[in-house]
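Engineer:
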Amino acid sequence: MKKHRKFFLTLITVYFTLSIVGIYLFHSPEFSHDFVSKHESIHKLHKEVSKRPEYQKYKERPHLYRGDKETQEMFNQVLEYENSPEFKAEKRRIYLYLMWFRTLNTLTLIIASIRLGWKPLQHSLGNYQKKILTRKNTLEENHKKALEELSKAEKKQKELEVIIQKIEERKNQIISERLKQIEEQNKEALKQIDFLLETSKKEAEQECINNLRVMLIKESIQELEKKLYQTETPERLMTTIDKFNFLIEMLS
């Protein structure tokens, strides 16, 4: 508390001292009494005319003015008055006075604000910095978790790809094995068909041979019977027939 009181007393003292210096150097923010007394008539005219919009237009572009000559002469008098060295000196003094006190007031407010608000400002900045750091840590933690989740997801994706690859390989293997089985079955079926065809062919051939043999035997028997009945006796015929039957049995 004592430090603040001492600071403010010092600040007020410096402020009033610099204010007195400013007043001593630049007097006041108005035209001086001596200057106004010396140029009273033209100063009053300037005060009235400078507020008129048409004068400002004439001041910026006098060659475009289209008013009456009396007004133009009045504008020229005021413009000549503004361009006089004494008027410019007064305007410069007023400008310096205003700038002196604006600067003094601004610096005083800045110094007082820094003195009174430095610790709260430090505290506020510290809290803000802590919030930023906390948020930064939170974002980093979330980023780390996101990376971990992404890594897990990539790992699961790779595992899933391996499983899918194994399933695909197993499927291809099963299809290949099944195709081989079907091919073997087809080969075996073709063999069976060929065997059956061959067997049927042989059976048909054998049947034809047997039929032909039977037919030939029957014809031979008939021829033989005719000859035997013509040449042989009954006893010899019976003996011959028995031998012939035995021979037939042996051939069949």
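Quick note on numbering: this note's numbering labels position 233 of the sequence shown as 234, and the sequence is numbered without any gaps.
Cβ coordinates follow ideal geometry from the N, Cα and C atoms, glycine included.
1. Below 8 Å on the Cβ atoms is my guess for TYR82 versus PHE88; work out the distance and round it to an integer in Å.
2. Does the contact criterion of 3 or more C-beta pairs under 8 Å hold for the segment 92-101 versus the segment 20-30?
3. If distances are taken between C-alpha atoms only, which option among ASN211, LYS7, TYR16 comes closest to ILE111?
4. Quick one, which of LYS92, ASN84, LEU46, GLU91 has its alpha-carbon nearest TYR72's?
5. In the segment 67-137, which residue ranges form an unbroken alpha helix (DSSP H) of at least 4 residues, counting only runs that do not cross its ends?
6. LYS52 by DSSP, collapsed to three states: which one?
7. Confirm, please, whether the CB-CB distance from VAL79 to SER51 is below 8 Å.
8. In this structure, does DSSP put ARG179 in helix, strand or coil?
9. Taking LEU12 and THR109 to be in contact with their CB atoms under 8 Å, please state how far apart those CB atoms are, rounded to whole angstroms.
10. From LYS188 to LEU180, what distance separates their C-alpha atoms?
11. First and last residue of the alpha helix (DSSP H) that includes SER38?
Structural biologist: The relevant details are as follows:
1. Confirmed, about 6 Å.
2. Judged by Cβ distances under 8 Å, the segment 92-101 makes contact with the segment 20-30, as three or more pairs qualify.
3. ILE111 has its Cα closest to that of TYR16, out of ASN211, LYS7, TYR16.
4. It should be pointed out that residue 72 corresponds to Thr in this sequence rather than to Tyr. Looking only at LYS92, ASN84, LEU46, GLU91, the smallest Cα-Cα distance to THR72 is reached by LEU46.
5. Assignment of alpha helix (DSSP H) within the segment 67-137, counting only whole runs of 4 or more residues, yields 70-83 in chain order.
6. DSSP places LYS52 in coil when its eight states are reduced to three.
7. In this structure, VAL79 lies closer than 8 Å to SER51 by Cβ.
8. It is helical.
9. The Cβ separation is near 7 Å, so the contact holds.
10. Roughly 12 Å separates the two Cα atoms.
11. For SER38, the enclosing alpha helix (DSSP H) begins and ends at 34-39.
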